[in-house]
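Only one structure is covered here, and it is reproduced in the block below.
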Amino acid sequence: MSLVVVGTGTEIGKTIACAIMVARYSSLFPLAYWKPVATGSIEGRDTLEIERLCGHQAEILQESYLFEPPVSPHLAARLAKKRIRPESIIQAFSTHRKRDPGRALIIEGIGGLLVPLTSGGYLLADLIQELKLPCLLVASSTLGTINHTLLSIEAMKSRDLKLVGVVLNGPENRENRQAIHKFGHLPIIGHIRPIHPLSPKNIGRAARGFDRKALLKSYLNSDQG
Ligand SMILES: Nc1ncnc2c1ncn2[C@@H]1O[C@H](COP(=O)(O)OP(=O)(O)OP(=O)(O)O)[C@@H](O)[C@H]1O
Ligand SMILES: [Mg+2]
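Here the numbering used here is used: the first residue of the sequence shown is 88, the next is one more, and so on.
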């Protein structure tokens with residue numbers, strides 16, 4: 088199995104959540120991290136951040152598409168006079184799976200769920216639908232998150248995407264946590280508090296308290312499909 092880590096938006100904590108998941112589960116299952124489409128490489132790459140934070144614990148796969156400007160993928164591709172071809176991402180996924188079927192992929196999305204990958208309006212949600220993979224939603228813990236998170240949940244439900252739960256990122260906020268759990272009808276898989284400094288050691292520490300009920304285990308265990 089593999090999981091797609093999506094966010095309620097950009098800069099919400101998807102990469103940090105992926106690093107914590109790698110640190111949490113790599114001793115139990117072979118894992119690989121993959122960000123198929125990345126923009127903003129001029130400011131840094133998520134793939135390199137994962138390499139720095141937990142690269143010794145999982146295989147890090149190269150992006151299928153990487154663009155310099157920090158803009159939406161459809162625009163980044165247009166500026167580079169290129170086109171993102173969803174079928175080549177699906178092909179790359181299939182190749183990664185075939186090359187090592189015993190390894191689960193933690194796939195980081197880009198931006199939020201409805202980010203366009205092509206100028207024809209093919210969205211990240213369409214790609215996830217074609218990949219037929221379950222998702223984990225990363226959301227902020229702070230003011231405004233109930234609305235953003237419930238909107239994302241509703242969009243996923245309307246597309247029949249399987250959402251296994253929500254990861255909150257930011258300072259503790261019991262009310263927001265309870266509201267998302269209750270109104271979104273989903274488990275809160277984990278809560279990532281602010282981590283300072285963001286070091287491999289502190290990621291490992293945060294991973295120890297993450298997903299205490301091991302709800303993600305069945306999605307990362309390749310023996311189970
Ligand atoms: N819990 C945290 N503690 C400390 N810093 C954090 C935490 N969560 C996120 N950050 C910082 O906030 C920024 C955004 O986080 P992150 O890169 O994980 O978001 P993202 O959703 O992956 O963004 P993108 O859409 O660009 O992929 C980063 O600089 C990251 O280091
Ligand atoms: Mg990221």
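Using N, Cα and C, we set each Cβ at its ideal position, and we do this for glycine too.
Name the two residues that bound the continuous beta strand (DSSP E) containing E195.
Reading the sequence shown from its first residue, position 108 is the one you call residue 195. DSSP places E195 inside the beta strand (DSSP E), whose first and last residues are A191 to G199.
Around the Cβ of P123, are there at least 16 other Cβ atoms within 10 angstroms (buried) or fewer (exposed)?
Taking the first residue of the sequence shown as position 1, residue 123 is located at position 36. By the 10 Å Cβ count, P123 comes out buried.
Would DSSP call G131 helix, strand or coil?
For the purposes of this step, residue 131 is taken as the residue at position 44 of the sequence shown. Here DSSP, grouped into helix, strand and coil, assigns G131 to coil.
Cβ-heavy atom distance, T95 to ligand 2, below 6 Å:
By 1-based counting over the sequence shown, the position of residue 95 is 8. Checking every heavy atom of ligand 2 against the Cβ of T95, none is found closer than 6 Å.
I'd like the list of long-range same chain contacts for L166, defined as Cβ closer than 8 Å, with 5 residues on each side in sequence excluded.
For the purposes of this step, residue 166 is identified with residue 79 of the sequence shown, where counting begins at 1. F154, P156 and V158, listed in sequence order.
Could you pull the start and end residues of the beta strand (DSSP E) that S227 belongs to?
Numbered from its first residue, the sequence shown carries residue 227 at position 140. For S227, the enclosing beta strand (DSSP E) begins and ends at C222 to S227.
Around the Cβ of P274, are there at least 16 other Cβ atoms within 10 angstroms (buried) or fewer (exposed)?
Numbered from 1 along the sequence shown, position 187 holds the residue referred to as residue 274. Within 10 angstroms of the beta-carbon of P274 lie fewer than 16 other beta-carbons, which makes it exposed.
DSSP state of H278 mapped onto helix, strand, coil
Taking the first residue of the sequence shown as 1, we reach residue 278 at position 191. Per DSSP, reduced to three states, the secondary structure at H278 is strand.
Would you say L307 and I276 are within 7 Å of each other, going by their C-beta atoms?
Locating residue 307 in the sequence shown gives position 220, counting from the first residue. Locating residue 276 in the sequence shown gives position 189, counting from the first residue. Taking 7 Å as the cut-off, the beta carbon of L307 is found no closer than this to the beta carbon of I276.
Range of the contiguous alpha helix (DSSP H) that encloses G291:
By 1-based counting over the sequence shown, the position of residue 291 is 204. Here the alpha helix (DSSP H) through G291 covers P287 to R295.
Quiz: which residues have CB nearer than 6 Å to ligand 2 non-hydrogen atoms:
A distance filter of 6 Å between CB atoms and the heavy atoms of ligand 2 selects the following residues in sequence order: K101, T102, D133 and E195.
Determine the DSSP secondary structure at G312, reduced to helix, strand or coil.
For the purposes of this step, residue 312 is identified with residue 225 of the sequence shown, where counting begins at 1. With a pLDDT of 46 at G312, under the threshold of 50, the modelled position of this residue cannot be trusted; read the value that follows with caution. G312 falls in the coil class under three-state DSSP.
Inspect the beta-carbon positions of V225 and K101 and report whether they are closer than 7 Å.
Residue numbering aside, residue 225 sits at position 138 when the sequence shown is read from its first letter. Residue numbering aside, residue 101 sits at position 14 when the sequence shown is read from its first letter. Yes, Cβ-Cβ distance for V225 and K101 is below 7 Å.
So, for G312: in the same chain, excluding its five sequence neighbours on each side, which residues have a beta-carbon less than 8 Å away from its beta-carbon?
Locating residue 312 in the sequence shown gives position 225, counting from the first residue. Only weak support exists for where G312 lies, its pLDDT of 46 falling under 50; the value from the coordinates is given anyway. Setting aside the 5 residues that flank it on each side, G312 is surrounded in the same chain by M88, each with a C-beta closer than 8 Å to its C-beta; the list follows chain order.
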